[in-house]
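Peer 1: For the sequence shown, the numbering used here puts the final residue at 580, and the numbers step up evenly by one.
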Amino acid sequence: METLGEFNGKRQLRAARGLKLFHEESELMINEYSSPTFVIHAQGPSFESALVPRALAAADSFFPRKDRVGSTNITTCIDIVSGICRVDMFAQQAVYASYLDKSSSNNRIADSFERSSLPKRRCSCTTLTGAAVTAMSCLAAKIIPGLSSLDEEVLGLDTSVQWWIDPETGRKDGGTLTIRDDESGTSKTYELWRSDPSFKQYCILGRGTTCWDLLDEDNERLLLAKDCYRYAEDPDVPEFESLKIARGLDGLAQMVSYTANCGETLNDFGFSSSRKSQHNMIASRVVLEKCGKNLFGFTSEKQLLSAIRDAIAGHRNLLKHGTIHRDIHWSNIVHGVSKAKPGNQGVLIDFDMAKSLTKVAGENWAVGHTECFSIAILKNALAKQGERLLPHDHLDDMESTFYVTSTIMYQFIGPGHRPRPSSEFVRTWLWAARDNSCENMKANLAFKEEWILAEDPKDPIQHVAGDSHWSDASLRLLEQFYAFTREMAKEKEAIRYCREDKRREMYDNLRSKVKQHYDTVLGFFDVAISTLEAAEVSSSQFGSWASGIKRPFENDSEEVYNFKRPCMYQSGELYGVST
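Put into structure tokens, the structure is as follows:
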């Protein structure tokens, strides 16, 4: 075993038939658990003492407390079964992989192993990046030593994260994260602001996004490190390339450093580039300036409107430089740092879906958050073969911003306060947008068409949660934003169904009004914000939480959009921007 890595811990095979590995680390979820045949018990820098729900601690005597086995100190789960089909085998393996992913905050891959007595004695290995089935004699000889390795990198752990373990409790008590900067070619070690990630995407298939809060003592600030995977064959630019464009622009996330390649899934244990069913994914890391909470964390009406307003202006700044965001959602707009100046009181983050305008084309799938999909994007995703597709443009993101604004006003009656239960309108909306299955996409589209494209316009204020808690200025803004969204959605649908010889003319007309569109929507917010500023904080009209500072109305006269090539809508190019 010592030949497999530095001897900085130990590994032990433990029989685990009676062990309950709870699927959720919660006292309320004490009936959902799995019991593998064996586990590999581990000690070392990335492992800590196991915990069980307090409700079970007294009754749980399978192992003495000092030797307790649980989610935080095992490297893998091993099942030896008989008479199980491959589908069920993979299903159980997926449960184990998901369990190990949730339990380890610096997991890059989570492995589990199953041996079946099916004909040909085949076994399976499941990780976060896929599954493999092969002859037992071939794979087991590699898997068992690999999953027992003393080298934590071989186990699929991110060794750039180093933990401090409290000797008394055996639990993590902070740690460090070492960042390699591709631009400067240097590495820097930061102290973790907290032991657990500030965000972790728990899934066994996907980008596996994990975010860490870092303390930058040299500059006396907080940073955020974001780790995620991307498909190697994806033709779109990775997030760090879009963040380079955003540098120095107001209303956009600011990147400090990045690592383009932190590892590839085809190099993970048990996988081969010859397997056509496996798609290679590349892990990357970006370090950003840490901002505030997302929009749901607003503390005043003025702060909320200012954050959305500055994010819209940030979206325009990005568009001017040849990139469109394509993933507007309340969780992707965060409040600026304390005492941020106008222009950065709201910051647009998460550029995973951002795309160069020169590559924008009609696509028969939807990207972003289902709740905020525009009508045009939903119709694209549901279009049959041969039907016309519209490119994802700034109006789709503007429509998403309307959904962001309205959903907050429909779900909150003030900072941190939601009516219980929520309105039937909100419940119907969120239920239709709960995932991107075909059935739900159709329900989502039908809901939004009835709301936005109905023959007679709807009253957007009727669904506001406790409208007495929102100022007249905000309600007026919502009415104006609804009318704008309705007009633009109808105009885009007219383009979808117009005659071939009219399409180019109609879309050129729409494209020529990009600046006007932004000026119009920003004007809605600027007037509302200025009205709030002019009111006394104690005014009964606005409530005690509607306050803020003066923001001048923005209305540039210079045309700044860099249109250099004629728009070829027939070929899918939207803006014809030269970047």
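The beta carbon of each residue, even a glycine, is placed where N, CA and C say it ideally should be.
Looking at the C-beta of F297, does it have a partner C-beta in chain D at a distance below 8 Å?
Peer 2: Going by chain labels, chain D is absent from the structure shown, which holds only one protein chain.
Peer 1: The beta strand (DSSP E) spanning D217 covers which residue range?
Peer 2: T211 to D217
Peer 1: On the three-state DSSP scale, how would you describe P461?
Peer 2: helix
Peer 1: Should W432 be labelled buried (16 or more other beta-carbon atoms within 10 Å of its own) or exposed?
Peer 2: Classification of W432: exposed, given that the 10 Å Cβ count is below 16.
Peer 1: So A247 and I180 are supposed to be a Cβ contact under 8 Å. How far apart are they, rounded?
Peer 2: The Cβ separation is near 19 Å, so there is no contact.
Peer 1: In whole angstroms, what separates the C-alpha of E307 from that of D235?
Peer 2: Residue identity check: residue 307 is Ser in the sequence provided, not Glu. Whole-angstrom Cα-Cα distance: 35 Å.
Peer 1: Under a Cβ-count criterion, where at least 16 other Cβ atoms within 10 Å of its own Cβ denotes burial, should E302 be classed as buried or exposed?
Peer 2: buried
Peer 1: Sort F200, V288 and G252 by Cα distance to D182 and report the nearest one.
Peer 2: Looking at the Cα atoms, V288 is the closest of the given residues.
Peer 1: Across the region 481-489 and the region 447-464, are there enough close Cβ pairs to call them in contact, namely three or more that are closer than 8 Å?
Peer 2: yes
Peer 1: Between which two residues does the beta strand (DSSP E) containing F39 stretch?
Peer 2: F39 to Q44
Peer 1: Count the other C-beta atoms from every protein chain shown that fall within 10 angstroms of the C-beta of K291, then say buried if there are 16 or more, exposed otherwise.
Peer 2: K291 sits buried, since 16 or more C-beta atoms from the chains shown fall within 10 Å of its C-beta.
Peer 1: Ends of the alpha helix (DSSP H) at V257?
Peer 2: It is not in any alpha helix (DSSP H) - V257 instead sits in the beta strand (DSSP E) that spans M256 to E265.
Peer 1: Along the chain, where does the beta strand (DSSP E) containing S1 start, and where does it finish?
Peer 2: There is no way to answer for residue 1, as the model of the chain reaches only from 2 to 580.
Peer 1: In three-state DSSP terms, what is G22?
Peer 2: Correcting the residue type first, residue 22 is Leu in the shown sequence and not Gly. Correct three-state label for L22: strand.
Peer 1: Does the Cβ of A56 have 16 or more other Cβ atoms within 10 Å, making it buried, or fewer, making it exposed?
Peer 2: Per-residue confidence for A56 stands at a pLDDT of 45, beneath the threshold of 50, marking its modelled position as unreliable; the derived number appears in the next sentence. With fewer than 16 Cβ atoms within 10 Å of its Cβ, A56 is classed as exposed.
Peer 1: Within 10 angstroms of its Cβ, does Q346 collect 16 or more other Cβ (buried), or is it exposed?
Peer 2: buried
Peer 1: What do you get for Y508, buried or exposed, if any count of 16 or more other CB atoms within 10 angstroms of its CB means buried?
Peer 2: buried
Peer 1: Please return the same chain residues whose Cβ sits closer than 6 Å to the Cβ of H330, not counting the five positions on each side in sequence.
Peer 2: H370 and C373
Peer 1: May I ask you to report which of helix, strand or coil DSSP gives K449?
Peer 2: helix
Peer 1: Count the other CB atoms, across all protein chains shown, that sit within 10 Å of the CB of S401; report buried if there are 16 or more and exposed otherwise.
Peer 2: buried
Peer 1: Are the beta-carbon atoms of I376 and V522 separated by less than 8 Å?
Peer 2: no
Peer 1: Tell me whether G298 sits in a helix, a strand or coil according to DSSP, three-state version.
Peer 2: helix
Peer 1: Under a three-way DSSP split, which group does L178 fall into?
Peer 2: The DSSP-derived three-state label of L178 is strand.
Peer 1: Near W1, what residues of its chain come up, given a Cβ to Cβ distance below 6 Å and the 5 sequence neighbours on each side ignored?
Peer 2: In this structure the chain extends from 2 to 580, so residue 1 is not present and cannot be described.
Peer 1: Give every residue of the same chain whose Cβ lies closer than 6 Å to the Cβ of F200, excluding the five residues on either side of it in the sequence, and list them in chain order.
Peer 2: C212
Peer 1: Under a Cβ-count criterion, where at least 16 other Cβ atoms within 10 Å of its own Cβ denotes burial, should L224 be classed as buried or exposed?
Peer 2: buried
Peer 1: Where do the N-terminal and C-terminal ends of the alpha helix (DSSP H) with W331 fall, by residue?
Peer 2: Taken as a continuous stretch (DSSP letters only), W331 belongs to no alpha helix (DSSP H), as it is neither H nor E.
Peer 1: Beta-carbon separation of L478 and F413 under 8 Å?
Peer 2: no
Peer 1: So is F426 buried or exposed if we call it buried at 16+ other beta carbons inside 10 Å?
Peer 2: exposed
Peer 1: Check G252 in the structure and name its three-state DSSP category.
Peer 2: Looking at G252 - three-state DSSP - the assignment turns out to be coil, as it is neither helix nor strand.
Peer 1: Considering only residues of the same chain and omitting the five flanking positions on each side of V465, which have a CB-CB separation below 8 Å?
Peer 2: M410, Y411, W471, L476 and L479
Peer 1: Leaving out five residues on either side along the sequence, give the residues of the same chain with a beta carbon under 7 Å from the beta carbon of D351.
Peer 2: D328 and N333
Peer 1: Select from V40, R172, S258 and L511 the residue whose C-alpha is nearest the C-alpha of G186.
Peer 2: S258
Peer 1: Could you give the DSSP three-state label for I350: helix, strand or coil?
Peer 2: The three-state reading of DSSP puts I350 in coil, since its state is none of H, G, I, E or B.
Peer 1: Using the beta-carbon count (16 or more within 10 Å), is M285 buried or exposed?
Peer 2: As written in the sequence, residue 285 is Ser, which differs from the Met given in the question. Buried, since its Cβ has 16 or more Cβ neighbours within 10 Å.
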